[in-house]
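Protein chains: 2
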Amino acid sequence: MSEPTTYRVMLMPDGLILTASQGDNLLDLLRKGGVGIAAACGGDGICGTCRVVVEQGEVAGSDRGMLTDEEYNAGYRLACMSEVIEDIRIRVPERSRRPAEEGHLRGLATSQETLAADGWRFAPPVFKLYVKLNPPTPEDNTADLSRLEKALSDMGISGYRITLPVLQQLSDCLRQGEWAVTLTLFKGPEQLVVTAVDAGDSRNRLYGASFDIGTTGVRGEILDLVEGRVLAQGVEYNGQGVYGADVISRIAYAGKPGGLPTLQQAIVGTMDKLVRGMSARAGIETGELSHIMIAANTTMVHLLTCLTPRNIRLAPYVPSATHIPSVYGTEIGLKTAANTPISMFPAVSSYIGGDIVSGLVGTGIFQRDETVLYIDIGTNGEIVVGNREWMVSASCSAGPAFEGGGIRHGMIATSGAIEKLSINSTDGSITVSTIGGKPAAGICGAGLISTVAALLDAGFIDPRGKFQADESSLIRNTGEGPEFVLVKSDATADNRDIVLTEIDLDNLIRAKAAMFAGYRTLLGSVGLDFNNLDRVVVAGTFGNYLNVEDAIKIGLLPDIKRDRFLFVGNGSLLGARLGSYSTELIAAGRQVSGMVTNIELGDNALFTDNYMAAMFLPHTDDTLFPGRGRQT
Amino acid sequence: MSEPTTYRVMLMPDGLILTASQGDNLLDLLRKGGVGIAAACGGDGICGTCRVVVEQGEVAGSDRGMLTDEEYNAGYRLACMSEVIEDIRIRVPERSRRPAEEGHLRGLATSQETLAADGWRFAPPVFKLYVKLNPPTPEDNTADLSRLEKALSDMGISGYRITLPVLQQLSDCLRQGEWAVTLTLFKGPEQLVVTAVDAGDSRNRLYGASFDIGTTGVRGEILDLVEGRVLAQGVEYNGQGVYGADVISRIAYAGKPGGLPTLQQAIVGTMDKLVRGMSARAGIETGELSHIMIAANTTMVHLLTCLTPRNIRLAPYVPSATHIPSVYGTEIGLKTAANTPISMFPAVSSYIGGDIVSGLVGTGIFQRDETVLYIDIGTNGEIVVGNREWMVSASCSAGPAFEGGGIRHGMIATSGAIEKLSINSTDGSITVSTIGGKPAAGICGAGLISTVAALLDAGFIDPRGKFQADESSLIRNTGEGPEFVLVKSDATADNRDIVLTEIDLDNLIRAKAAMFAGYRTLLGSVGLDFNNLDRVVVAGTFGNYLNVEDAIKIGLLPDIKRDRFLFVGNGSLLGARLGSYSTELIAAGRQVSGMVTNIELGDNALFTDNYMAAMFLPHTDDTLFPGRGRQT
């Protein structure tokens, strides 16, 4: 690749010169060059605040947008929409300059991610705009709304819609703020919408929330959308749990009289609870959320928005909708964020939901040339293989074992859950680690994998998942069959023994067999095997911890080179967070949902064969797990 | 004017030839020529169903709109957006042809109007669209919403928004209708919105409502938006009445804790009651209303939408908003029409509301060259003078006398109200006519005017409004002053005497004096007097009846040539009805609200002088009423 051409960008009146490469975005260049230039909308070409005058030369790609013909002919351009293609001389008008004290430093908060989408601009779906109005006089007693519209028009902003709640607060805010207000604008898919108004200048406070709404657990975050960082996190059981453990039983419940609204209220209640808790920890008011970004499976989205999920489970598995128009909190009954716009990642199909699309976006798989197997392990298992060119997906009913469901003492990965277990090879004694170091309250998915791997290593269970009672004194027989005591009652949170049963083991084996059969069947359908993969990305709600070696030992993950594995934690929540930071990634979600081809495993004979073959620890075919005995 | 140029429009494949004038709208021409051409949206260039192919020649004014470049280059044009400018040969494609049995004859229901806007197309703000989809198969199990979008796209429709309630019903409607549904689309000011979905074909049922929301009374109509006719009407007292008789006392009440939502609930409750009653009489379900058009004064609009009206009564009289974005029933709490879009005529100022704009539009004053004085007599009096070029307005607090307010036995013009009273010149006996011929329940504005004129003629009161006790045995003295017995208790609805008091007379004189002073001051402000007027249009909530001669006798109307007067009844409701029939008239409302210049009479010394001079029956200046003694 030859050296890229460079150009000189001279800034008037100072005469300062910046060096640009062919095609550089002018707004980015000015910011990097330390020029305080305003761009209230984050650079989406909407707000018109980053105007510059091109005095000599020309820029490319400049959408005339909101500029009038007069302005355009006078050389005005939106810096955010302009690319440098030759030497130019420009002037940043006074009103486009941002006072130094307003500088918003935006840490993108993605450096701590193991794998994340890159190349995107920090341009959240909401932004704030400070507007100063001329007070009314007897000669100019035009209505408050008309006065505001005039001021916005003078700033070059048009084509927006004002919601009724904003209009209801406008008059009081204008007078409280002495004719200065801050508007919150939402860049909806169809239109720019003014969703909130504050008296005075509130530009330094802009918050959002992101959610991963799972069938069993719901995870959320409160985000600072000025600085681009996570302020608080939270996790709660999905309040729908009492109406069924998996999506099929929830769909059945939704079909009963009053069932659908009951399920909606349950999940909305969970979200309200999370928002209250996280807002308190983040030190913000619940009413301050300006945007909510949701990643959820197709059924959860239907239940959240009260769309009938009936046809999701009837062949040919047609959901009511895969993409949902943005809704406001009040439309779904969310009390803590009634006037907040809610965006959702679109789904691919009935069983590949927006949560998976979110993961593919958040991890940047949609941007990469390398072929990746993306595995999301939750109550359902979803699998995607592909790269930026193509993607194929499948889902398999793993059952809720990895979320602790169907496990006697199972629980989601939260405080007090056993996440690691080791067995002393000398005396056979047990050591457990729990999340937060609290007394053990139960066992989560990661802990279950660790435990079964350790029991298998120690010879306390055989490859069929049966206890070897002679090998350990911790194995005891009860009326309901044998069980293994993981933690004695004196060390647990509620003073009862925490045990693992053979039924638990059987559920785990079924779950991991479904996942493994899914990988093999999906890869086979595109003529690939594990060795063709550049990377295996494992996502799931395992908390902060998943031991890949243990997962291979039990046959949940394939026995391939370890450096190809990457555990990204909650990929869905990662995508929802990054979607909150950039409309480009929300747009990427729409692109991804359209490019994934889904394959139904339900009627696939090969899947059934692969499933039966995987009902063994790690697998009936030893050649698939050559490294099985290797120590971590 | 020379003979207009005519052109030949040849229709293929039949070879039929229509004759067109320069600039004729192609859709209108085809319809007049008996060509069955579909135009689901009524000809607003939105639905794309009226496509034709121009095979030879060209049409003008054709907005490319929803046509693709490919279609446009292939000669496709939207007939509704095309004007004939030369000889052309066109072909109406099969899918643009409307089956004969679908023909919707539209009686415009305006022929019975005394004065109405003309030249507008029947194109209501809502229309229905029948959509047939391909059922899903295992090979094509795309979501219901995507399937619908595909079908709409095939019909050339794009850029719409689908509301959540529609999405919530879509799946069931599609299956009930065997993959055929009828959508209701609302041509919102910003965007086309799908607001309802029915299973199967419901195109023959499309209903709207129009309302005149007055401070004292609320009038409504249910309209058939397929045929263009009134199906039912209704009137109720505004439920806010218990919180104050006029806008000033309502605004005061709105300022109390909880006052504003209480007033909102009161007016919404009145609307709900009217919708229930009128729907029953019209034989439709309340849920079938597809659009509501409202004409109301500025304060009523604020209270209806929960905008603070506080600043309406504080100098410099700044309303929160003069134009309200369209809202849905649910946003204001309307139970009978939760998912129905509601449009409102914009206001001019705090005291010249959308009700007046509606009247100016409905009567077509905004279209005419002649100079008109438009008078709307209600709880407030509003006056506009002007023509298509200019308009000036003023409002005066007439008080609620003409709506029966402040009158001992006053009532709004509804069943049982005395609307006419005559006195036998021989024996002084009284005859009354009541609305509906029912036993008298009270006296309405028209009845009050008739009564006072008759009393004045008979010499029972003097020009100062004092009873002449010697002249009639029906005048009696009570502890509260003299009163005149209009109807004895044995002939009234509730078996009590219906009387007129001197206090009633005083209130009436103040009201008519305010109106008359308003006309004179407003006309004077533009250098006109009564003789410069081509027409005086009187609107008001007088029911079906106002005797102009009586109104002149008491000095409510000026003593000018009788043929210049036109009583149009409820001009605001007329405008709301016609707005329900045509988006062109809704657009005209926006134009009118922007062109009217309002003059504040409050601080005007000339108004005060004119008011004092008018506190006499008919006036202190006899020369203004030369024909005063003339008999009708």
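For the protein sequence lines, the chains are E and W, in the order given.
Taking my numbering, I'd label the letters of the first sequence as residues 215 to 846.
Taking my numbering, I'd label the letters of the second sequence as residues 215 to 846.
The C-beta atom is built at its ideal place from N, Cα and C for all residues, glycine as well.
Is the beta carbon of residue j closer than 8 Å to that of residue i?
i               : j               : result
G592 of chain E : F616 of chain E : yes
I657 of chain W : I621 of chain W : yes
R804 of chain E : P475 of chain E : no
A707 of chain E : G630 of chain E : yes
V267 of chain W : P307 of chain W : yes
V541 of chain W : T519 of chain W : yes
V461 of chain E : I589 of chain E : no
I579 of chain W : V810 of chain W : no
L503 of chain W : Q478 of chain W : no
G442 of chain W : T484 of chain W : no
G262 of chain E : M369 of chain E : yes
S168 of chain W : A790 of chain W : No answer is possible for residue 168 of chain W: the residues shown for chain W start at 215 and end at 846.
L292 of chain W : C264 of chain W : yes
N525 of chain E : S385 of chain W : yes
E633 of chain E : A654 of chain E : no
Classify residue i as buried or exposed, calling it buried when 16 or more other Cβ atoms lie within 10 Å of its own Cβ.
i               : result
K726 of chain W : buried
Q382 of chain W : buried
A529 of chain W : exposed
K401 of chain W : buried
D641 of chain W : exposed
W393 of chain W : buried
S664 of chain E : buried
Between the alpha carbons of residue i and residue j, how many angstroms are there, rounded?
i               : j               : result
V532 of chain W : Y451 of chain W : 28 Å
E716 of chain E : F744 of chain E : 31 Å
F839 of chain W : I774 of chain W : 8 Å
T409 of chain W : N553 of chain W : 7 Å
D415 of chain W : K346 of chain W : 10 Å
R582 of chain E : T429 of chain E : 29 Å
R278 of chain E : L574 of chain E : 34 Å
L799 of chain E : E285 of chain E : 32 Å
N239 of chain E : E584 of chain E : 28 Å
C610 of chain W : I260 of chain E : 44 Å
K246 of chain W : Y759 of chain W : 38 Å
I675 of chain E : A667 of chain E : 10 Å
V298 of chain E : A252 of chain E : 19 Å
D711 of chain E : T645 of chain E : 14 Å
N746 of chain E : L587 of chain E : 10 Å
L820 of chain W : M605 of chain W : 20 Å
D720 of chain E : R375 of chain E : 56 Å
Which residues of chain E have a Cβ atom closer than 9 Å to the Cβ of residue i, listed in chain order?
i               : result
V541 of chain W : L378
R527 of chain W : Result: empty, since nearest Cβ-Cβ is about 13 Å, beyond 9 Å.
L548 of chain W : Residues of chain E passing the Cβ test: none, with the nearest at roughly 13 Å.
Taking residue i as the query, report the chain W residues whose CB atoms sit under 8 Å from its CB, ordered along the chain.
i               : result
T519 of chain E : L378, L381, Q382
L359 of chain E : S534, A535, T536, H537
T545 of chain E : The displayed chain sequence assigns Glu, not Thr, to residue 545 of chain E. Residues of chain W passing the Cβ test: L378.
Please list the partners that residue i has in chain E, where partner means a Cβ-to-Cβ separation under 7 Å.
i               : result
R375 of chain W : E404, P539
What in chain W is Cβ-close to residue i, meaning under 7 Å?
i               : result
T351 of chain E : P530
T522 of chain E : S385, D386
Give the residues of chain E in contact with residue i, contact being defined as C-beta atoms less than 8 Å apart.
i               : result
N691 of chain W : Under the 8 Å cutoff, chain E gives no residues; its nearest Cβ is about 49 Å from N691 of chain W.
Query raised in the report: Are there three or more Cβ pairs, one per stretch, closer than 8 Å when the segment 775–791 of chain W is compared with the segment 664–683 of chain W?
Result: no
Query raised in the report: Does the segment 736–755 of chain E touch the segment 587–606 of chain E, meaning 3 or more C-beta pairs lie closer than 8 Å?
Result: yes
Requested in this report: May I ask you to verify whether the segment 489–504 of chain E touches the segment 765–774 of chain E, counting CB pairs closer than 8 Å and requiring at least 3?
Outcome: no
Query - Contact between the segment 535–549 of chain W and the segment 785–795 of chain W (3+ Cβ pairs under 8 Å) - result: no
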